[in-house]
Structures are given as C-alpha cells and as structure tokens.
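In mature numbering (1 follows the signal peptide of the UniProt record, and there is no 0), the protein residues as written are -16 to -1, 1 to 540.
See structure below.
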C-alpha cells in the first residue's frame, strides 16, 4: 500500500569511498556509512545476495544457495521484489525485479570486528504478503542507536512468492522459504559482521509479524532464531493462511493462455511468461477496492522435501507442536482504522453493497459454503451494527468489526493458545499512543486513534519522514515514545525480558491474561483483559479456519 512512500523514506545516508569491509566465505564485501537518528555513524551493507536469482526455471521454486562472487561486492544497492507499484490497485504498473533475494546488514560501529558478538535482529517486512521490501517500514537509522546488529531482507511476494498448486509441482510458501534461507545465511555469515548467531531475534510487523509466528510452526526454522517479535500479525489471523490456492493458480493459467489439465504443463508455461506481464495479473484477484487483503499468501503444503508448513498452526497449537522460544507480540488500539485507508472513497458505499462486499471485507470468500454466505453477512451486520445508520456511528462500528476479524481475534487466540503449550514466556501488549503523524494523516483520512502500522511508522520512519516532509513535525513526546519502544524491544532482544522505565512487563499465564498497555512514554501499565475481542462470535460462524468447523467443511 505504501510502496512508493517507503522507498523514498528509506533513501538517506551516503556512500563513502572507503567503507567498511567484511570477508565472507562467498567473497569480500564493501559497505558504506550512514548516520543514525541521534547522529551515530554506523556501517551499512545493502544488497547482499543470500540465494540464487529465482528466475527462469527457478521461478516458483524454493530458493537455492547463493553462488560465490569474484572480486569485491560493493554492497550499496537496494532491491525490491517485483510487485504492483500502486498498492491501492488503481492500475497495473509494476515495480521491482524478479532477481531480488538480497538482504542488508547494519552494524552500530564503523570498525567491524568478529569479536564483538552483537545480538542480532532479522526483520521481515509487512505488506499483506503482496507488497513491500526490505526498505518498507524497516529502516535501520533508529535501531542503530542501540548495541545490536540489524538485518532486513527481501522475499518474494504476491503470486511470485505464494502461488501454490496444492500439490508437489508448486507446493507454495516460497516467500517463507526465502525467509528461511536468509536465516540460514545469517547463521553462516553474521559472525563475520560481529554478530552472535546464537542470539537472533526474528521481528516483523503485519504480514511480517504473521511470518515471524509461522516460523514457530516450521520444523526447518528451529534453531535459526531464538526469540520472536510480532507486531499486529500472527499465524492465526484470517489472511495469514491462503484458501483456494489451486483454484487461483488455474485461474492465472487460464488468463495467460497456459491452461492445461496437467499441473506441470501449465506451470512450465507460466515460467515462460515475462515477470512483468505475470505480476500485472495480480489486479484480477482483488474483488472490491483492495480486498481481500492477501489473495496470495502462505498455505498448508503437501509433504515434500522442501515443505515449510504441512499442518495448520491452529492444529499444531492444539497438539503442542510449536517452537518453544520466547514470543513478544502486540496490536494497536484501533487496528480496524486501516480499512478506511484501504477503501478510501469506497468506505461510504459499504452499507449499500453489504451483501456483495462482506465476504471480501471480512475475508471469508473461500472459507464459507456459498449457501451460507448470506447468513454469515447478516449475522455480522446484526452483531455489530444492529440498527445503526451511516455515517458516524456506523463507520466506527465498521472499523471495529474489520479490526476484530482481521487482527484482534487472531491475536487473542494465538497468545492464549501459545501460552498454554510452551514453557517460554509470551508477552502481549496493546499499543495506543497517538503520534503527531500517523498513517491516517499521511493518507488524508483524518481518523483519530492508533491504527495498524502507526507503531512501525514511529519506530522506523520518524527521521526519514521529517527529511522527506520538512513541514511535518514530530513532537518531543513522539521521539520519547520511539525511544521507549526501542528500549522495550532491545531489552527483549538482548536479555529476553522486555523492560522500560521501571515497568515490569509480565508474561501471560494460562490463568491470567495480562497485557502491557502502552499509551504514552510516561503512561505504561499492566492490565488484565479477560476478553480483548468477541472471538466467541467469530468462532460461532463456523468458518473453515475455525476449530468447530475445520474438519466438516468440504474443500471448495
């Protein structure tokens, strides 16, 4: 959604003639220097290949190890995986390249030493599994004021990363397998940058947060990271697991004249389609405005040598099959405000088109029997809206319903289930700080509250926004809140226990659901919240991802 903005936001720093130098087993790398938010000079290495280019016959295939290079790699170039340029889906222009499996490493000093042993953060960008890059809400400048190494990565997004034929031809999850490949690279090479491969925290927001959580359920990710941070994203959110994947793959083949009853045949044909032409078809998989949010996303795969996920995370939690390491996660207070940005001018049309739009707005197109869809939409309307009319009260209830379905229910269910089946701590919070600049103000929506992504905007983008928009001024409280978030996160990364300003962030227990409430830098407290969302209502709709109906509903 914010691709162009984020690319520009990240474009600061400078290249030095004699930058930092690192020697890896793949070859020598020369970086450059940048300045942190508070003016600290640090080393940057941007555009390091961690896998072979996934092009030609390697399209739709799992990543392969990067090849060594000759000479010195000048690591001063950023990459974006190919995607639609305009995430609001107003046209089909593309941005980026198919050759995009590169990562960036940032070290909080100018002289690299293998003796430093810094704790490491690996960041997975968000973007609904459809958009974004290592430059998206993932800039290093604020984090380089702390004693950590920061790595952010690209992974294939959209249909190039998450197309699945639901068989052994293209099982799916290549975007997640890219992330896994990057984590393996970190284990092998981060020591050369002064990092500690035994202290790696995987971090992400939105779809990045869901991806972090999904790695808890992949046996092949075990040992590749040691703590996880998920902001506004878990593996149990409705959009985190794709349904109807094979149906979409065949639709794509038909559109591009590759249709064939044999899966191998039509995939071979799709591999020959120019990447730009292929990605442009993404627009045809959205139904209303930019909904559903993630038409291509992770799947539960068939068993194979390369499989990432072969059992639904909900079922794995039921069976206590989860990587037992600490997990820190939070949501924002007003997650649903995001729908006002997604729908924009269409927001006021929801009531008029309720029957047609509800299944896309609430993401149940593929997980509800066709004969039940009308009943489900009416039950949602009755539960949330009753007799309320547009505009003000109805709009606020619409935002609440959207936030519950897409974020809050999956968040609450995940933390409550995970704390019961792991010995490691689960920390949960609700972020409610209202900064001077939010996504709502940037996109001209004008809604009050703390929406999806506002925390990440403050954490990663505060200095870059001020550089890009000199008229925008963050307050001293905004800067203090940014530093407070950094203190919370880096204490967890370094010590395994999040601490800040004398407040003890207590982990959840199976009997007490205590959340950290982050309202201001001087207003942070613990509070027990037995029920954060109406998850009983949503579970009662018997959608396929719900426990009660998961084994009863036939595949559509």
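The beta-carbon is built from N, C-alpha and C at its ideal position, and this holds for glycine as well.
Between which two residues does the beta strand (DSSP E) carrying residue 134 extend? Per DSSP, the unbroken beta strand (DSSP E) holding residue 134 starts and ends at 132 to 137.
If you draw a straight line from the alpha carbon of residue 118 to that of residue 355, how long is it in whole angstroms?
One C-alpha to the other measures close to 42 Å.
Check your understanding: Roughly how many angstroms separate the alpha carbons of residue 235 and residue 348, rounded to a whole number?
Key -> Residue 235 and residue 348 have their alpha carbons spaced roughly 19 Å apart.
Q. Residue 367: which of 409, 433, 524 sits nearest, CA to CA?
A. Per the C-alpha coordinates, the member of 409, 433, 524 positioned closest to residue 367 is 524.
Element boundaries [alpha helix (DSSP H), containing residue 368]: Looking at the DSSP string, the run of the alpha helix (DSSP H) that includes residue 368 is 357 to 368.
Between residue 283 and residue 295, how many whole angstroms is the CB-CB distance? I'm expecting something under 8 Å.
Wrong, their Cβ atoms sit about 12 Å apart, outside the cutoff.
Quick one, are the C-beta atoms of residue 281 and residue 190 less than 9 Å apart?
In this structure, residue 281 keeps its C-beta atom at 9 Å or more from the C-beta atom of residue 190.
| said: If you measure between the beta carbons of residue 139 and residue 171, is that distance less than 9 Å? | reply: In terms of Cβ geometry, residue 139 and residue 171 do not form a close pair [threshold 9 Å].
Those residues which DSSP pairs with residue 99 across a bridge | According to DSSP, which records beta bridges pairwise, residue 99 is partnered with nothing at all.
Q. Within 10 angstroms of its Cβ, does residue 432 collect 16 or more other Cβ (buried), or is it exposed?
A. It is exposed - the Cβ of residue 432 has fewer than 16 other Cβ atoms within 10 Å.
CB-CB under 6 Å to residue 4, same chain, minus the five flanking residues each way: which ones, in chain order?
Within the same chain, residue 4 has close Cβ partners 15, 27, 96.
| message | Assuming contact is defined by CB atoms lying nearer than 9 Å, are residue 395 and residue 492 in contact in what I supplied? | response | Going by C-beta atoms, residue 395 is not nearer than 9 Å to residue 492.
With three or more C-beta pairs closer than 8 Å as the rule, is the stretch 102 to 110 touching the stretch 175 to 190? Yes, they touch.
Would you kindly work out how many angstroms separate the C-alpha atoms of residue 31 and residue 359, rounded to a whole number?
Cα to Cα, residue 31 sits roughly 50 Å from residue 359.
Problem set entry | Host alpha helix (DSSP H) of residue 405 (start-end) | Counting along the chain, the alpha helix (DSSP H) containing residue 405 begins and ends at 393 to 405.
Note to self: Is it the case that the stretch 214 to 232 contacts the stretch 129 to 136, given that we only count it when at least three CB pairs across the two stretches are under 8 Å?
What the structure shows: Touching, no, given that fewer than three Cβ pairs across the two stretches are closer than 8 Å.
Next item on the list: Closer than 6 Å by C-beta to residue -13: which residues in its own chain qualify, once you throw out the five before and the five after it? Chain order, please.
Entry: Per-residue confidence for residue -13 stands at a pLDDT of 35, beneath the threshold of 50, marking its modelled position as unreliable; the derived number appears in the next sentence. Short of 6 Å from the beta carbon of residue -13, and not among the five residues preceding or following it, lies no beta carbon of its own chain.
CB-CB length for residue 398 against residue 314, believed under 8 Å: With a Cβ gap of about 12 Å, residue 398 and residue 314 do not count as contacting.
Just list the beta strand (DSSP E) runs in the stretch 15 to 98, keeping only unbroken ones of 3 residues or longer that don't cross its boundaries, in chain order. 16 to 19, 25 to 33, 86 to 91, all fully within the stretch 15 to 98.
So does the stretch 319 to 328 actually touch the stretch 433 to 447, counting three or more Cβ pairs closer than 8 Å?
With the cut-off at 8 Å, the stretch 319 to 328 and the stretch 433 to 447 touch.
- Can you check whether the CB of residue 160 is closer than 9 Å to the CB of residue 292? Result yes, Cβ atoms of residue 292 and residue 160 sit closer than 9 Å.
Query raised in the report: Can you tell me the Cα-Cα spacing of residue 48 and residue 33, whole angstroms?
Result: Distance between the alpha carbons of residue 48 and residue 33: 11 Å.
- Task: Have a look at residue 340 and residue 75 and give me their C-alpha separation to the nearest angstrom.
- Result: Computed Cα separation, rounded: 23 Å.
Check: In whole angstroms, what separates the C-alpha of residue 85 from that of residue 38?
Finding: Counting only the Cα atoms, residue 38 lies some 8 Å from residue 85.
Consult DSSP for residue 209 and reduce its assignment to one of helix, strand or coil.
It is a strand residue.
Q.
For residue 252, report the span of its alpha helix (DSSP H) as first-last.
A. For residue 252, the enclosing alpha helix (DSSP H) starts and ends at 247 to 255.
key: residue 500 (DSSP reduced to helix, strand or coil)   = Of the three classes helix, strand and coil, the one that applies to residue 500 here is strand, per DSSP.
Quiz item: Applying the criterion that 16 or more other CB atoms from any shown protein chain within 10 Å of the CB defines a buried residue, is residue 53 buried or exposed?
Solution: Its Cβ having fewer than 16 others within 10 Å, residue 53 is exposed.
Classification of residue 245 by the beta-carbon crowding that lies within 10 angstroms, buried from 16 upward: When all chains shown are included, residue 245 counts as exposed.
State the Cα-Cα distance for the pair residue 150 and residue 266, rounded to the nearest angstrom. For residue 150 and residue 266, the distance between alpha carbons rounds to 19 Å.
Unbroken stretches of the beta strand (DSSP E), 3 residues or longer, contained in the stretch 149 to 225 | As far as the stretch 149 to 225 is concerned, its whole beta strand (DSSP E) runs of at least 3 residues are 179 to 189, 211 to 215.
Task: Secondary structure of residue 546, DSSP reduced to three states - done: As shown, the chain starts at -16 and ends at 540. That puts residue 546 outside it, with no answer to give.
Margin query: For the pair the stretch 184 to 202 and the stretch 374 to 388, tell me if three or more CB-CB distances fall below 8 Å.
Written below: Output reads no: the stretch 374 to 388 does not touch the stretch 184 to 202.
Handout entry: Unbroken beta strand (DSSP E) run spanning residue 512, endpoints
Key = Where residue 512 is concerned, the enclosing beta strand (DSSP E) stretches over 507 to 512.
query = Among 272, 389, 457, 350, which has the Cα closest to the Cα of residue 520?
reply = Cα-wise, what sits closest to residue 520 is 389.
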